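K.L.:
Protein chains in written order, with our numbering: chain A, 1 to 469; chain B, 470 to 564.
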């Protein structure tokens, strides 16, 4: 096994910069691994190392890209059969920026179809196995990206998070995942699921890599995304060793549904926070418990509108059956999977005449209350801390028959999405040999502070997460 | 609870052809999901403003300068049935 594999992305970039490693050799190492993997993590792998601009800050360290991002000329399907064969005529801004910064695309990773799911079992192209236990799910929807990083098939990856789709798979695969502030990363060219929630972010081996990748994802305003915001300053690379003076508000450890092993690993991490000088206290987050209900109105409603464009006219698959309307109905019936259909139905129902106010209108008000809850919390504490997922990785097939049970995976991640605030998941430890994630959230644009605190905690926990062979 | 007729109506609105089996399953699944969602109906939300964008943003205007757009051939290329000047589709009246 190549010792190069042991290098974090930041360390690999350093080696290349120092002239001790060729970017081409590094790309080839990962290309070979990604092309021959057996977890189902990749849907497409690059043929050869592209030219990397000289002096590019990321030095040619390749990145795995969730299949939700359009990359010019490269199959981009959102893991849906309805986009089978689609090769976009343009590249997403987030990917474009990473390429410019010297991180070429290694491949496209598997995911839940249109990012709808928490187990990666909704992919139109097969499941992804968790490298910690191949009978278990990697989480979702960015399951391919998480599994690829955890298994050393890619140095780092990007994913997207609408209600937990970066953080939950990162937790279940024992890696780091960060959902930035809503609007921090351009959504242009990112296939839309729920536009008021979708956000791109890094999945990495450690906190430093997450900071480095985020630094190059954010930046100047993208004229192609009106919700994109200029990031205040540069994302700093974390260096904190102490948490003195920082206050951590804990929420949810006592909630029903949190596995004892998950709670125990989180409590152990809280003890590390205190050893590092941080103050830990329990807090209330009123209305957060209603987050999931509001989310399952807002996300499907927006999805039902966003997915109206897949009708067999402009891209992807078409199923002919008589007249135009029948073509629409047949194409969508054959192209979409069960979960996508379910959400289109919920969303269409919630937005249909006479129901808008009772569902979408009310859900947006719940959202206001959740925003207020976090605002009040951040007057007392610097960060809100929760388990990322109430459970460790579950068995393949265990929750597919019960959509609601699957939705509960996102109980702790959805409130931050609704509030648009940044949150990271870092490995807290193991429960029965499976990774447990700890979530740390902060106010809008507090990414650098979150990363710094997470870095100090990561050093203290000393999680051993390498799962490659 | 959601009735079978409602499922069929919503499927029509969403342009989704459902099989008989799907209609039955959806009727059941949507009912249990809606039941969960309807918990927000119990909350007192009078006088609460809805939130659509969570970070305070102002409208941004830029100069309306013409710039090259995607060439037509490139935009048409991924279509299942591209014509010389547009996307070809079956007639709305075909049977």
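C-beta: ideal position from N, C-alpha, C; glycine also.
None of the values given here were measured: they were computed from a predicted structure.
For a contact defined as C-beta to C-beta under 8 angstroms, what are the partners of residue 356 of chain A on chain B?
P.N.:
Near residue 356 of chain A there are no residues of chain B at all, since even the closest Cβ is about 11 angstroms away, more than 8 angstroms.
K.L.:
Given a cut-off of 8 angstroms, decide if residue 514 of chain B and residue 471 of chain B are closer than it, judged by their beta-carbon atoms.
P.N.:
Not a contact, by the Cβ cut-off of 8 angstroms.
K.L.:
Counting only runs of 4+ residues fully inside the stretch 75-104 of chain A, write out the alpha helix (DSSP H) ranges in chain order.
P.N.:
Qualifying alpha helix (DSSP H) stretches, in chain order: 93-100.
K.L.:
Quick check on DSSP: helix, strand or coil for residue 138 of chain A?
P.N.:
Residue 138 of chain A falls in the coil class under three-state DSSP.
K.L.:
Is the CB of residue 562 of chain B under 8 angstroms away from at least one CB in chain A?
P.N.:
Taking Cβ atoms only, chain A reaches closer than 8 angstroms to residue 562 of chain B, which makes this a yes.
K.L.:
Quick check: the Cα distance between residue 400 of chain A and residue 407 of chain A, rounded to an integer number of angstroms?
P.N.:
Distance between the alpha carbons of residue 400 of chain A and residue 407 of chain A: 10 angstroms.
K.L.:
Restricting to Cα atoms, I'd like to know which of A:346, A:274 and A:195 is closest to residue 453 of chain A.
P.N.:
Closest option to residue 453 of chain A, Cα to Cα, is A:274.
K.L.:
Assuming the contact rule is C-beta atoms closer than 8 angstroms, residue 95 of chain A and residue 65 of chain A should be a hit. Round their C-beta distance to whole Å, please.
P.N.:
Rounded, the Cβ-Cβ distance is 6 angstroms, consistent with contact.
K.L.:
So the candidates are A:255, A:296 and A:213; which of them puts its Cα closest to the Cα of residue 387 of chain A?
P.N.:
When each option's Cα is compared against that of residue 387 of chain A, the closest is A:255.
K.L.:
Counting along the chain, where does the beta strand (DSSP E) carrying residue 158 of chain A start and finish?
P.N.:
Residues 156-161.
K.L.:
Pull out every residue of the stretch 246-257 of chain A whose Cβ sits closer than 7 angstroms to any Cβ of chain B, in chain order.
P.N.:
For the stretch 246-257 of chain A, which is checked against every Cβ of chain B, not one residue is closer than 7 angstroms.
K.L.:
Mind listing the chain A neighbours of residue 498 of chain B? Cutoff is C-beta to C-beta under 8 angstroms, in chain order.
P.N.:
Within 8 angstroms Cβ-Cβ: 342 and 403.
K.L.:
When the Cβ atoms of the stretch 147-158 of chain A are set against those of the stretch 193-211 of chain A, are three or more pairs found closer than 8 angstroms?
P.N.:
Verdict: yes, contact present.
K.L.:
Identify every residue that forms a DSSP beta bridge with residue 313 of chain A.
P.N.:
Bridge partners of residue 313 of chain A: none, in fact.
K.L.:
Within 8 angstroms (strictly less), CB to CB, does residue 539 of chain B reach chain A?
P.N.:
Residue 539 of chain B counts as touching chain A.
K.L.:
Which full runs of the beta strand (DSSP E) of 3+ residues lie inside the stretch 369-434 of chain A, going along the chain?
P.N.:
The stretch 369-434 of chain A contains these whole beta strand (DSSP E) runs: 383-387 and 423-431.
K.L.:
Measuring alpha carbon to alpha carbon, tell me which residue in A:33, A:58, A:224 and A:364 is nearest residue 190 of chain A.
P.N.:
Closest by alpha carbon: A:224.
K.L.:
Which two residues bound the contiguous alpha helix (DSSP H) that contains residue 16 of chain A?
P.N.:
Per DSSP, residue 16 of chain A belongs to the alpha helix (DSSP H) from 9-17.
K.L.:
Which first and last residues belong to the alpha helix (DSSP H) in which residue 201 of chain A is found?
P.N.:
No alpha helix (DSSP H) contains residue 201 of chain A, which is instead part of the beta strand (DSSP E) from 199-204.
K.L.:
Suppose you measure from the CA of residue 426 of chain A to the CA of residue 133 of chain A; what does that come to, to the nearest Å?
P.N.:
The straight-line gap from Cα to Cα measures roughly 19 angstroms.
K.L.:
Using a Cβ-Cβ cutoff of 8 angstroms, what residues of the stretch 515-528 of chain B are near chain A? List them in chain order.
P.N.:
For the stretch 515-528 of chain B, which is checked against every Cβ of chain A, the residues closer than 8 angstroms are 517, 518, 519, 520, 521, 522, 523, 524 and 526.
K.L.:
How is residue 247 of chain A classed by DSSP in three states: helix, strand or coil?
P.N.:
Residue 247 of chain A falls in the strand class under three-state DSSP.
K.L.:
Helix, strand or coil: how does DSSP classify residue 191 of chain A here?
P.N.:
In this structure, residue 191 of chain A counts as coil in the three-state DSSP scheme.
K.L.:
With distance defined between alpha-carbon atoms, name the residue in A:299, A:171 and A:219 nearest to residue 183 of chain A.
P.N.:
Nearest option by C-alpha distance: A:219.
K.L.:
Taking the alpha-carbon of residue 449 of chain A as reference, which of A:226, A:248, A:26 and A:203 has the nearest alpha-carbon?
P.N.:
It is A:248 whose Cα lies nearest to the Cα of residue 449 of chain A.
K.L.:
In whole angstroms, give me the CA-to-CA distance for residue 528 of chain B and residue 375 of chain A.
P.N.:
When rounded, the distance between both Cα atoms is 24 angstroms.
K.L.:
Starting from residue 531 of chain B, find everything on chain A with Cβ-Cβ shorter than 7 angstroms and list it in chain order.
P.N.:
In chain order: 223.
K.L.:
When the Cα of residue 85 of chain A is compared with those of B:485, B:475, B:548 and B:489, which residue comes out closest?
P.N.:
Ranking the options by Cα distance to residue 85 of chain A, first place goes to B:548.
K.L.:
Ignore the nearest five residues each way along the sequence and tell me which others in residue 72 of chain A's own chain have a CB closer than 7 angstroms to its CB.
P.N.:
For residue 72 of chain A, where only same-chain residues beyond five positions count, the Cβ hits under 7 angstroms are 88, 89, 90 and 91.
K.L.:
Going along chain B in order, which residues have a C-beta closer than 7 angstroms to the C-beta of residue 82 of chain A?
P.N.:
Simply none; closest approach about 11 angstroms.
K.L.:
CB residue 102 of chain A to CB residue 50 of chain A, shorter than 8 angstroms?
P.N.:
Contact: no.
K.L.:
With a threshold of 6 angstroms on Cβ separation, who are the neighbours of residue 303 of chain A within its own chain once the five nearest residues in sequence on each side are excluded?
P.N.:
Within the same chain, residue 303 of chain A has close Cβ partners 193, 194, 343 and 347.
K.L.:
Put residue 524 of chain B into one of helix, strand or coil per three-state DSSP.
P.N.:
Coil, per DSSP.
K.L.:
From this set, A:381, A:115, A:105 and A:127, which residue's C-alpha is nearest residue 442 of chain A's C-alpha?
P.N.:
Comparing Cα positions, the closest option is A:381.
K.L.:
Check this for me: beta carbons of residue 172 of chain A and residue 130 of chain A, under 8 angstroms apart or not?
P.N.:
For residue 172 of chain A and residue 130 of chain A, yes; Cβs fall inside 8 angstroms.
K.L.:
Could you name the residues of chain A that residue 492 of chain B contacts, counting a contact when the two beta carbons are closer than 9 angstroms?
P.N.:
Chain A residues near residue 492 of chain B: none, gap ~10 angstroms exceeds 9 angstroms.
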